[in-house]
Amino acid sequence: MPEEEKKAPRKIVPKKYPMPEQDPKVRIHNFNEVPIGQDGQTAILEAQRCLQCKRSPNRKVCMDGCPVEIDIPRFIKQVQEGNFSEAIRIIREKQNLPAVCGRVCPYENQCEGYCVVGKKNEPVGIGRLERFLADWERKEEKHGKIAVPPPTGKRVAVVGGGPAGLTVAGDLAKLGHKVTVFEALQYCGGVLIYGIPEFRLPKEIVRAEVDYISRMGVEIHNDCVIGKLATVDELLKEYDAVFVGTGAGLPDWTNLKGENLNGIMSANEYLTRVNLMKAYKFPEFDTPVRVGERVVTIGGGNVAMDCARTSLRLGCKESVILYRRSDAELPARREEVHHAQQEGVRFELLAAPLEFIGDENGNVRQVKAIRMQLGEPDASGRRRPIKIPGSEFLIDAQTVLIAIGQSPNPLVPMTTPDLKTTKEGTIAVDPEGRTSKKGVFAGGDIASGAATVILAMGDGKRAVYAMHKYLMQDPSWPAPEVFEKLSCEM
Amino acid sequence: MYEVVKSDKLTPDVIKLEIRAPQIAKKAKAGQFIMVTPTEHGERIPLTMADFSPEKGTVTIAALEVGKTTRELGRMKAGDMVFSLVGPLGLPTHLQKYGNVVSIGGGIGLALMYPVVRALRQGGNRTINIIGARNEKLLIYEKEIESVSDEFYVCTDDGSKGHHGFVSDILKKMIAENKKIDLVYAVGPIIMMKVIGNITKPHNIHTVVSLNPIMVDGTGMCGSCRVIISGETKFGCVDGPEFDAHKVDFENLTARNKRYIPEEQISLKKFMEGK
Numbered sequence: 446m447p448e449e450e451k452k453a454p455r456k457i458v459p460k461k462y463p464m465p466e467q468d469p470k471v472r473i474h475n476f477n478e479v480p481i482g483q484d485g486q487t488a489i490l491e492a493q494r495c496l497q498c499k500r501s502p503n504r505k506v507c508m509d510g511c512p513v514e515i516d517i518p519r520f521i522k523q524v525q526e527g528n529f530s531e532a533i534r535i536i537r538e539k540q541n542l543p544a545v546c547g548r549v550c551p552y553e554n555q556c557e558g559y560c561v562v563g564k565k566n567e568p569v570g571i572g573r574l575e576r577f578l579a580d581w582e583r584k585e586e587k588h589g590k591i592a593v594p595p596p597t598g599k600r601v602a603v604v605g606g607g608p609a610g611l612t613v614a615g616d617l618a619k620l621g622h623k624v625t626v627f628e629a630l631q632y633c634g635g636v637l638i639y640g641i642p643e644f645r646l647p648k649e650i651v652r653a654e655v656d657y658i659s660r661m662g663v664e665i666h667n668d669c670v671i672g673k674l675a676t677v678d679e680l681l682k683e684y685d686a687v688f689v690g691t692g693a694g695l696p697d698w699t700n701l702k703g704e705n706l707n708g709i710m711s712a713n714e715y716l717t718r719v720n721l722m723k724a725y726k727f728p729e730f731d732t733p734v735r736v737g738e739r740v741v742t743i744g745g746g747n748v749a750m751d752c753a754r755t756s757l758r759l760g761c762k763e764s765v766i767l768y769r770r771s772d773a774e775l776p777a778r779r780e781e782v783h784h785a786q787q788e789g790v791r792f793e794l795l796a797a798p799l800e801f802i803g804d805e806n807g808n809v810r811q812v813k814a815i816r817m818q819l820g821e822p823d824a825s826g827r828r829r830p831i832k833i834p835g836s837e838f839l840i841d842a843q844t845v846l847i848a849i850g851q852s853p854n855p856l857v858p859m860t861t862p863d864l865k866t867t868k869e870g871t872i873a874v875d876p877e878g879r880t881s882k883k884g885v886f887a888g889g890d891i892a893s894g895a896a897t898v899i900l901a902m903g904d905g906k907r908a909v910y911a912m913h914k915y916l917m918q919d920p921s922w923p924a925p926e927v928f929e930k931l932s933c934e935m
Numbered sequence: 019m020y021e022v023v024k025s026d027k028l029t030p031d032v033i034k035l036e037i038r039a040p041q042i043a044k045k046a047k048a049g050q051f052i053m054v055t056p057t058e059h060g061e062r063i064p065l066t067m068a069d070f071s072p073e074k075g076t077v078t079i080a081a082l083e084v085g086k087t088t089r090e091l092g093r094m095k096a097g098d099m100v101f102s103l104v105g106p107l108g109l110p111t112h113l114q115k116y117g118n119v120v121s122i123g124g125g126i127g128l129a130l131m132y133p134v135v136r137a138l139r140q141g142g143n144r145t146i147n148i149i150g151a152r153n154e155k156l157l158i159y160e161k162e163i164e165s166v167s168d169e170f171y172v173c174t175d176d177g178s179k180g181h182h183g184f185v186s187d188i189l190k191k192m193i194a195e196n197k198k199i200d201l202v203y204a205v206g207p208i209i210m211m212k213v214i215g216n217i218t219k220p221h222n223i224h225t226v227v228s229l230n231p232i233m234v235d236g237t238g239m240c241g242s243c244r245v246i247i248s249g250e251t252k253f254g255c256v257d258g259p260e261f262d263a264h265k266v267d268f269e270n271l272t273a274r275n276k277r278y279i280p281e282e283q284i285s286l287k288k289f290m291e292g293k
């Protein structure tokens with residue numbers, strides 16, 4: 446196609462081409478993926494909505510919103526022309542988990558948030574294009590070993606096989622380093638395996654992405670709890686560098702009276718039973734999980750939505766979200782809130798729990814809660830919820846899920862004496878992911894606190910630049926004072 | 019995958035498996051546990067290590083066949099593969115020179131008691147060991163524990179061997195006789211540990227128990243194993259499994275360990291019917 450023709454003004458299709466989804470009435474009875482995916486023809490049409498904007502210092506475009514710096518216009522151009530193979534190759538230059546990110550990235554705030562088309566219309570469906578290409582690749586392309594550059598002779602240990610660790614492993618392999626991933630659970634993937642439900646991210650896809658990384662020559666050792674089986678210091682004797690990406694696996698609690706009653710679980714326990722251990726297939730799989738007639742999930746983030754929607758699929762009669770602020774402050778992605786509403790999750794907003802009430806056998810029976818109103822903005826910029834005196838109420842519940850956040854996993858910091866941490870328990874890192882211990886880098890939730898899959902991957906990517914430099918050119922390390930300051934500041 | 023090197027039955031209901039896991043064997047310490055998943059469809063369950071040998075590169079687990087998972091393990095023979103083995107987990111027994119240590123074990127707890135007592139004795143303590151079971155046939159690790167004992171007492175509920183009665187009877191007698199006791203270590207059924215704690219509390223004898231709450235990941239991620247210690251929530255898997263008996267809320271632990279009984283029965287029935 447000649448240049449002139451492409452630049453000619455044309456009418457933009459105002460909306461994204463629709464993503465077919467399972468009917469809410471049907472899907473609440475199964476764990477199959479909700480969005481079914483688009484076909485090649487639709488992907489080409491969607492790609493043709495892209496204006497191929499040029500990036501400049503004064504003009505932000507899609508790429509500016511991507512934490513892993515995918516060359517978005519370039520891959521979309523290939524889709525426009527039907528070159529799917531080349532398009533996914535371009536994505537893979539920067540992105541090791543495209544099938545995952547094409548599903549769980551909050552693209553509305555990232556690439557699509559910066560899309561120029563999106564200023565007057567719906568943005569280009571970049572997320573669904575990424576998903577389409579990754580799915581297409583998995584189905585169409587049969588590849589064995591994936592070519593990587595000649596070995597550099599450097600060996601790197603990655604602790605934690607979640608989004609950050611897998612990104613580091615994949616990117617370092619692409620640079621010719623020999624990488625070994627140590628994963629604590631029986632399958633690699635971290636939150637992608639134990640946390641995000643099958644209906645949002647089928648585990649077969651995670652396995653395929655992990656498989657892709659291992660085909661680049663990355664060795665994956667499951668069942669290895671670093672801090673117990675070996676320490677970071679021991680790893681440093683065998684490896685030239687270590688990346689710690691152990692995540693925010695520690696569940697936060699309300700610390701309210703009655704929280705240890707039976708039927709009250711952390712979101713982590715609930716989701717780990719269902720996703721990692723496949724309790725939704727009990728008794729075909731041995732791990733059980735039980736939901737009562739009414740499930741109350743406390744919290745308003747993506748994890749809370751996952752809990753509430755999982756509960757419907759496990760057969761509860763009513764699934765309720767109890768959140769202390771209003772709809773506008775729900776931290777979950779809009780798409781997740783929308784899906785939950787479609788499926789019939791009831792939102793009990795501006796309400797906070799006070800106490801959990803049990804029966805004589807130690808099972809939870811009711812949640813005592815109180816209505817809230819919004820006051821002045823707090824440190825997070827969101828309006829502070831304030832209790833309305835006298836507005837206490839009771840809500841029956843046989844299952845209560847605590848989804849109010851996670852804290853950094855303490856195992857590696859606890860067993861690595863000279864690794865500085867912050868007050869929040871995260872590992873202190875400089876802007877490029879170096880820790881206070883020479884040769885040790887960190888990223889993802891263990892360094893930033895609980896965030897998203899894609900931000901963890903962005904962290905990993907940043908650390909890779911610094912790690913490659915450290916391994917190949919410049920083994921110098923920042924002075925200890927840098928980290929003293931970091932550990933106090935944050 | 020981890021190879022079963024040897025499989026034995028210690029009693030008709032208690033299995034003993036020696037499994038090849040050189041790295042875990044190298045790192046394991048007395049008092050720790052491992053998470054075992056027999057098959058890909060299996061449950062992750064915490065099992066105490068009855069022994070570990072860095073030289074042989076193996077760990078030994080002992081388990082009472084109560085549910086499906088333990089029965090599935092019980093059918094494993096040398097050469098079979100265990101799907102997943104994670105460890106060593108939990109904090110090891112705190113070892114120091116206490117002086118006179120009275121260790122008390124009951125039922126399957128005797129399997130864990132052996133390496134703990136062995137370590138305590140190696141650490142220069144005088145080990146006074148009391149072991150118990152319903153009857154003589156159900157006593158496990160008797161010879162092993164005796165071999166690391168300075169004083170050794172056996173109790174059976176039916177009187178088929180040793181003292182006719184409970185392990186707590188011997189402890190009560192020792193306290194009544196003003197025997198110098200610097201530490202009591204108890205591992206076994208919840209009710210036994212609770213009783214021991216109640217006996218020692220009025221005498222201010224420091225008492226440590228090893229708890230067995232239901233776990234899922236065993237690494238501090240889920241909180242299934244939370245126990246109440248002096249009113250505070252702790253995780254059995256990372257803060258334990260050993261706690262001060264005088265601070266444990268045994269009522270709560272008992273209730274929490276009954277959470278999945280109906281499901282456990284469904285699993286077991288299906289397994290026994292060969293489905």
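These protein sequences, in sequence, are chains A and B.
Heads up: the first sequence is residues 446 to 935, going by my numbering.
Heads up: the second sequence is residues 19 to 293, going by my numbering.
Glycine residues also receive a C-beta, built at the ideal position from the N, C-alpha and C atoms.
Which of the three DSSP states, helix, strand or coil, is assigned to residue i?
{"i": "A/Arg494", "result": "coil"}
{"i": "A/Lys623", "result": "strand"}
{"i": "B/Lys276", "result": "coil"}
{"i": "B/Ile149", "result": "strand"}
{"i": "A/Asp697", "result": "coil"}
{"i": "B/Asp98", "result": "coil"}
{"i": "A/Lys564", "result": "helix"}
{"i": "A/Arg472", "result": "helix"}
{"i": "B/Gly206", "result": "coil"}
{"i": "A/Pro480", "result": "strand"}
So residue i packs on residue j, CB below 8 Å; how close in whole Å?
{"i": "B/Ala204", "j": "B/Tyr159", "result": "Wrong, their Cβ atoms sit about 15 Å apart, outside the cutoff."}
{"i": "A/Arg879", "j": "A/Ala911", "result": "6 Å"}
{"i": "A/Pro733", "j": "B/Tyr278", "result": "5 Å"}
{"i": "A/Glu553", "j": "A/Ile571", "result": "Actually they do not touch by this definition, with Cβ atoms about 10 Å apart."}
{"i": "B/Ile63", "j": "B/Gly105", "result": "Not confirmed; about 12 Å, so no contact."}
Tell me which same chain residues have a C-beta within less than 6 Å of the C-beta of residue i, skipping the five on either side of it?
{"i": "B/Thr142", "result": "In the sequence as displayed, the identity of residue 142 of chain B is Gly instead of Thr. Correct list, in chain order: Lys115."}
{"i": "B/Asp26", "result": "Lys34"}
{"i": "B/Phe78", "result": "Sequence check: residue 78 of chain B is Thr here, not Phe. Contacts found: Glu36, Ala68 and Asp69."}
{"i": "A/Pro543", "result": "Ile536, Glu575 and Ala579"}
{"i": "B/Ser102", "result": "Thr55"}
{"i": "A/Ala785", "result": "Met750, Ala753 and Arg754"}
{"i": "B/Leu157", "result": "Ala151"}
{"i": "A/Met935", "result": "Its pLDDT being 45, under 50, A/Met935 is placed unreliably in this model, and the value from its coordinates should be taken loosely. Cβ neighbours of A/Met935 beyond the five flanking positions: Thr867."}
{"i": "B/Pro40", "result": "Gly75"}
Please say whether residue j and residue i have beta carbons closer to each other than 8 Å?
{"i": "B/Phe268", "j": "B/Lys212", "result": "yes"}
{"i": "A/Gly746", "j": "A/Ala777", "result": "yes"}
{"i": "B/Ala96", "j": "B/Ile33", "result": "no"}
{"i": "A/Thr612", "j": "A/Asn541", "result": "yes"}
{"i": "B/Asp69", "j": "B/Val22", "result": "no"}
{"i": "B/Ile148", "j": "B/Ile188", "result": "yes"}
{"i": "B/Val227", "j": "B/Gly215", "result": "yes"}
{"i": "A/Arg828", "j": "A/Glu837", "result": "no"}
{"i": "A/Arg660", "j": "A/Ile591", "result": "yes"}
{"i": "A/Val719", "j": "A/Pro642", "result": "yes"}
Give the DSSP bridge partners of residue i, in chain order.
{"i": "B/Pro369", "result": "For chain B, the structure presents residues 19 to 293; residue 369 of chain B sits outside this window and is missing."}
{"i": "B/Cys173", "result": "B/Gly150 and B/His181"}
{"i": "A/Pro798", "result": "A/Ala814"}
{"i": "A/His666", "result": "A/Phe627"}
{"i": "B/Phe261", "result": "B/Val227"}
{"i": "A/Ser852", "result": "A/Leu695"}
{"i": "A/Thr946", "result": "The first residue shown for chain A is 446 and the last is 935, placing residue 946 of chain A beyond what the model contains."}
Excluding the 5 residues preceding and the 5 following residue i in the sequence, name in chain order all residues of the same chain whose CB lies nearer than 7 Å to its CB.
{"i": "A/Asp804", "result": "Arg810"}
{"i": "A/Ala896", "result": "Asp890"}
Going along the chain, which residues of its own chain have a beta-carbon closer than 8 Å to the beta-carbon of residue i, five neighbours each way excluded?
{"i": "A/Ser893", "result": "Thr871, Leu900, Ala901 and Asp904"}
{"i": "A/Gln555", "result": "Gly510, Cys511, Pro512 and Ile899"}
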